[in-house]
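Report on one structure; see the data block that follows.
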Amino acid sequence: MEILGLYNYWVFAILLLIGLYAVITKPNFTKKLIGLNIFQAAIFLLYISMDKVDGGTAPIIPHGAAKDIIYSNPVPQVLILTAIVVGISTTALGLALVVRIREAYGTIEEDKVISMDRDQ
Amino acid sequence: MIIVFSLFLLTMMVVVALAVVETRNLFAAAMLTGIFSFLMAANFFVLDAADVALTEAAVGAGVATVFFLGAIALSSEHEHSASRKFGLALLAVASTAVVILLGTMEFPILGDGSAPVHQHVAPWYLEKTPELIHVPNVVTAVLASFRGYDTLGEVFVVLTAAIGVLSLLGFPRNNSEENAVNDGLSHQKILHIVGKLLIPLIILFGLYVQFHGDFGPGGGFQAGTIIAAALILYALLSGGDRARRQMPPRLLFGMACLGAFIYAGVGGTTLLLGGNLLDYSVLSHDPVHGQHLGIMLIEFGVGLAVASVMLTIYHAFAGHEHR
């Protein structure tokens with residue numbers, strides 16, 4: 001139990017690194033955006049892992065509830081809830097840019113786009 | 001028992017993320033990100049974040065997959081170039097790994113109630129919400145009332161993203177009845193009929209999530225994406241042209257602006273009534289009742305804005321003419 005107490009944070013680190021790796025090595029712009037999404041999801045996991053309290057429950061307090069119930073931390077949840085919706089909106093903006101690059105260059109591979117830019 | 005489930009979900013997430021990065025087929029990668037989001041949503045639920053789990057399931061596994069597929073249909077389904085810059089990637093990934101893993105060693109273990117994050121404002125929110133706001137869901141109270149100013153900014157970020165997508169791709173052109181280019185999946189009878197039966201139920205669930213958000217998990221962000229997912233399903237089944245005739249993208253964009261305006265308007269009203277920005281206590285003679293009214297109004301604005309933005313973005317991709 002003690003050893004596995006940090007497992008969430010290790011998975012956060014691994015997912016973050018997988019996303020970073022994809023952004024650096026993949027020349028395809030759509031794939032880079034998918035990598036950024038994984039990177040972003042890792043950070044969501046970090047925040048939500050912090051909200052957990054042992055023996056706690058979701059922070060919904062019914063009227064007239066007993067005083068001794070433990071609730072998990074609502075603050076990281078609020079931050080991440082809105083971040084998810086903002087994240088999909090910015091991803092959509094990135095995808096729109098990918099579509100426009102495809103129309104302007106005929107390809108969405110970074111190396112080809114750069115070499116076409118150099119040739120001009 | 002729950003720890004086994006949690007370990008399984010986390011491990012599966014790593015496996016799926018590796019598969020997403022490894023596959024050269026972008027269609028497969030988009031579908032796998034849907035699975036990844038679903039695992040993430042289940043994991044959020046295990047970590048007591050019911051509101052976030054609902055949002056991640058609706059956004060990540062629903063709407064995001066459709067956006068990726070829309071963009072892939074307009075660009076390219078396969079990666080053509082091989083991976084490169086391995087040296088740089090190795091250096092960046094290895095150095096980041098060292099820093100982060102050293103950092104996590106100092107973290108309080110999962111579920112430690114005495115961690116610093118639980119000592120600052122969170123206990124105050126948990127203690128004062130029943131008294132000041134009088135709604136059961138503390139996440140809604142913090143999102144809509146205590147930190148309503150942040151949420152206002154986020155709604156405008158979402159609206160700005162829709163404006164950006166529209167200025168890059170343009171409003172989709174409306175085809176008339178006779179030269180409609182696609183009729184969606186209406187030739188697939190089983191999908192068509194089962195899908196159409198589901199749409200009203202999804203919208204009903206979305207409305208429940210919207211108006212029950214003060215009492216249970218839910219609120220404008222979740223409801224907006226759920227309702228948008230139902231209407232995207234309709235557009236997929238009946239064809240984009242038909243969906244755009246019934247709900248023109250210009251109207252949808254106007255509704256997104258109206259949603260953001262309702263939110264900002266509530267803020268302006270509280271200022272005019274002599275309170276602080278988005279301090280709903282002045283909206284009614286009874287402060288708690290004012291809070292209820294304010295939260296309901298701004299959640300409605302958020303729901304309207306988010307649903308309309310998601311649909312506007314979907315139609316911008318789906319109705320874009322391939323050049």
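Just so you know, the sequences run in chain order E and A.
First residue of the first sequence: 1, per full-length UniProt numbering; consecutive thereafter.
First residue of the second sequence: 1, per full-length UniProt numbering; consecutive thereafter.
The beta-carbon is built from N, C-alpha and C at its ideal position, and this holds for glycine as well.
Exercise. Considering only C-alpha positions, which residue in the set A57(A), V52(A), N25(A), R24(A) is nearest to G34(A)?
Worked result: Here residue 34(A) corresponds to residue number 34 of the second sequence, with the count starting at 1. The alpha carbon of G34(A) has as its nearest neighbour, out of A57(A), V52(A), N25(A), R24(A), the alpha carbon of A57(A).
Problem set entry | Residues that T57(E) bridges to, as DSSP identifies them | As a working mapping, residue 57(E) is identified with position 57 in the first sequence. For T57(E), which the question treats as bridged, DSSP gives the partners Y71(E).
For this session: Return the residue from the list Y21(E), A96(E), K26(E) that minimises the CA-CA distance to I72(A).
Result: As a position in the second sequence, residue 72(A) is number 72, starting the count at 1. Nearest to I72(A) by alpha-carbon distance, out of Y21(E), A96(E), K26(E), is A96(E).
Exercise. Among H320(A), G153(A), D241(A), which residue has its Cα nearest to the Cα of G267(A)?
Worked result: Looking up residue 267(A) in the second sequence gives position 267. Distances from the alpha-carbon of G267(A) to those of H320(A), G153(A), D241(A) put G153(A) closest.
Exercise. Exposed or buried, which one is K32(E) when buried takes at least 16 other CB atoms within 10 Å?
Worked result: Numbered from its first residue, the first sequence carries residue 32(E) at position 32. Its Cβ being crowded by 16 or more others within 10 Å, K32(E) is buried.
Exercise. Since I72(A) meets chain E, which of its residues come closer than 8 Å, beta carbon to beta carbon?
Worked result: Reading the second sequence from its first residue, position 72 is the one you call residue 72(A). In chain order: T30.
Exercise. Is the Cβ-Cβ distance between L18(A) and I18(E) less than 8 Å?
Worked result: To locate residue 18(A), count along the second sequence from 1; it is residue 18. To locate residue 18(E), count along the first sequence from 1; it is residue 18. Closer than 8 Å, so yes.
Exercise. Any C-beta of chain D sitting closer than 8 Å to the C-beta of L36(E)?
Worked result: In the structure shown, chain D cannot be found, because the protein chains are E and A.
Problem set entry | Run of the alpha helix (DSSP H) containing H315(A), from where it starts to where it stops | Walking along the second sequence from the start, residue 315(A) turns up at place 315. 287-318 is the span of the alpha helix (DSSP H), which, as asked, contains H315(A).
For this session: Please state whether DSSP places G239(A) in a helix, a strand or coil.
Result: To locate residue 239(A), count along the second sequence from 1; it is residue 239. In the three-state scheme derived from DSSP, where H, G and I count as helix and E and B as strand, G239(A) is classed as coil.
For this session: Could you tell me whether the Cβ of A66(E) comes closer than 8 Å to any Cβ of chain A?
Result: Start at 1 with the first residue of the first sequence, and residue 66(E) comes out as number 66. Answer no: the Cβ-Cβ gap between A66(E) and chain A never drops below 8 Å.
For this session: Identify, in the order they occur along the chain, each residue of the same chain with its Cβ nearer than 7 Å to the Cβ of G290(A), setting aside the five sequence neighbours on each side.
Result: Position 290 of the second sequence, counting from 1, holds the residue named residue 290(A). For G290(A), where only same-chain residues beyond five positions count, the Cβ hits under 7 Å are Y280, S281, V282, L283, S284.
For this session: Would you kindly check if the distance between the Cβ of N174(A) and the Cβ of P248(A) is under 8 Å?
Result: Counted from its first residue, the second sequence places residue 248(A) at position 248. Counted from its first residue, the second sequence places residue 174(A) at position 174. Cβ distance < 8 Å, so P248(A) and N174(A) count as in contact.
Problem set entry | Selection from E321(A), A260(A), G240(A), G319(A) that minimises the alpha carbon distance to V309(A) | As a first step, residue 309(A) must be located in the second sequence, where it is residue number 309. Between V309(A) and the set E321(A), A260(A), G240(A), G319(A), the nearest pair of CA atoms involves A260(A).
For this session: Please list, in chain order, all residues of the same chain as D183(A) whose beta carbon is under 6 Å from its beta carbon, the five residues on each side excluded.
Result: In the second sequence, counting from the first residue as 1, residue 183(A) sits at position 183. Its chain contains G239 as the residues whose beta carbon lies nearer than 6 Å to that of D183(A), once the 5 sequence neighbours on both sides are disregarded; these appear in chain order.
Problem set entry | Complete beta strand (DSSP E) runs within the stretch 93-157 of chain A (minimum length 3 residues, chain order) | Within the stretch 93-157 of chain A, no complete beta strand (DSSP E) run reaches 3 residues.
For this session: Answer with buried or exposed for H63(E), where buried requires no fewer than 16 other C-beta atoms within 10 angstroms of its C-beta.
Result: For the purposes of this step, residue 63(E) is identified with residue 63 of the first sequence, where counting begins at 1. H63(E) comes out exposed.
For this session: Taking only the alpha-carbon atoms, compute the straight-line gap between I60(E) and P74(E) and give it to the nearest angstrom.
Result: Translated into positions along the first sequence, residue 60(E) becomes position 60. Translated into positions along the first sequence, residue 74(E) becomes position 74. In a straight line, the C-alpha of I60(E) is about 9 Å away from that of P74(E).
For this session: Entirely within the UniProt domain "MrpA C-terminal/MbhD" (12-73) of chain A and at least 3 residues each: give me those beta strand (DSSP E) ranges in chain order.
Result: Segments of the beta strand (DSSP E) lying fully in the UniProt domain "MrpA C-terminal/MbhD" (12-73) of chain A: there are none.
Problem set entry | Among P27(E), K67(E), V53(E), the one whose alpha carbon lies nearest that of A115(A) | Residue mapping note: residue 115(A) aligns to position 115 of the second sequence, counting from 1. Answer by Cα proximity: V53(E).
For this session: Output, in chain order, the set of chain E residues within a Cβ distance shorter than 8 Å of A50(A).
Result: In the second sequence, residue 50(A) corresponds to position 50, counting from 1. Listed along chain E are A58, I60, each with a C-beta nearer than 8 Å to that of A50(A).
Problem set entry | Close-in-space but distant-in-sequence residues of the same chain around G224(A) (CB under 6 Å, 5 per side omitted) | Within the second sequence, the letter at position 224 stands for residue 224(A). Taken in chain order, the residues that qualify are G303, V306, A307.
Problem set entry | Delimiting residues of the alpha helix (DSSP H) encompassing H78(A) | Along the second sequence, one-based indexing puts residue 78(A) at 78. In the DSSP assignment, H78(A) falls outside any alpha helix (DSSP H), carrying neither H nor E.
Exercise. Closest Cβ-Cβ distance between S72(E) and chain A: below 8 Å?
Worked result: Numbered from 1 along the first sequence, position 72 holds the residue referred to as residue 72(E). S72(E) counts as touching chain A.
Problem set entry | C-alpha distance - L166(A) paired with I313(A), whole-angstrom precision | What you label residue 166(A) is simply residue 166 of the second sequence in a count that begins at 1. What you label residue 313(A) is simply residue 313 of the second sequence in a count that begins at 1. Pairing L166(A) with I313(A), the inter-Cα distance amounts to about 7 Å.
Exercise. Which term fits L95(A), buried or exposed, when burial requires 16 or more other beta carbons within 10 angstroms of its beta carbon?
Worked result: Sequence index remark: in the second sequence, residue 95(A) carries index 95 (1-based). The sequence given here places Ser at residue 95(A); Leu does not occur at that position. Result: exposed.
Exercise. Rounded to whole angstroms, how far is the Cβ of I295(A) from the Cβ of S145(A), which I believe are closer than 8 Å?
Worked result: Indexing the second sequence from 1 puts residue 295(A) at position 295. Indexing the second sequence from 1 puts residue 145(A) at position 145. At roughly 6 Å, the Cβ-Cβ gap stays under 8 Å, so I295(A) and S145(A) are in contact.
Exercise. Hey, I80(E) and I108(E): beta-carbon distance below 8 Å or not?
Worked result: Counting from one through the first sequence, the residue named residue 80(E) turns up at place 80. Counting from one through the first sequence, the residue named residue 108(E) turns up at place 108. Not in contact: I80(E) and I108(E) (Cβ atoms no closer than 8 Å).
Exercise. Hey, is the stretch 135-144 of chain A in contact with the stretch 24-43 of chain E, meaning 3+ C-beta pairs nearer than 8 Å?
Worked result: No, the stretch 135-144 of chain A does not touch the stretch 24-43 of chain E.
Exercise. Which of the residues in the stretch 79-96 of chain E, read from start to end, lie with their CB under 7 Å from any CB of chain A?
Worked result: Within the stretch 79-96 of chain E, those residues whose Cβ lies closer than 7 Å to any Cβ of chain A are, in chain order, I80, L81, T82, I84, V85, V86, I88, S89, T90, T91, A92, L93, L95, A96.
For this session: Would you check if the stretch 35-46 of chain A and the stretch 61-79 of chain A touch, i.e. whether three or more CB-CB distances between them fall below 8 Å?
Result: The stretch 61-79 of chain A vs the stretch 35-46 of chain A: in contact.
Exercise. Can you name the residues that DSSP bridges to N28(E)?
Worked result: As a first step, residue 28(E) must be located in the first sequence, where it is residue number 28. Answer by DSSP bridge pairing, in chain order: E109(E).
For this session: Using 10 angstroms around the beta-carbon of D286(A), count the other beta-carbons present and answer buried if the total reaches 16, otherwise exposed.
Result: In the second sequence, counting from the first residue as 1, residue 286(A) sits at position 286. With a 10 Å radius around the Cβ and a threshold of 16 neighbouring Cβ atoms, D286(A) comes out exposed.
For this session: Anything in chain E within Cβ reach of H80(A), meaning under 7 Å, just list it in chain order.
Result: Reading the second sequence from its first residue, position 80 is the one you call residue 80(A). Near H80(A) (Cβ distances below 7 Å), the residues of chain E are E109.
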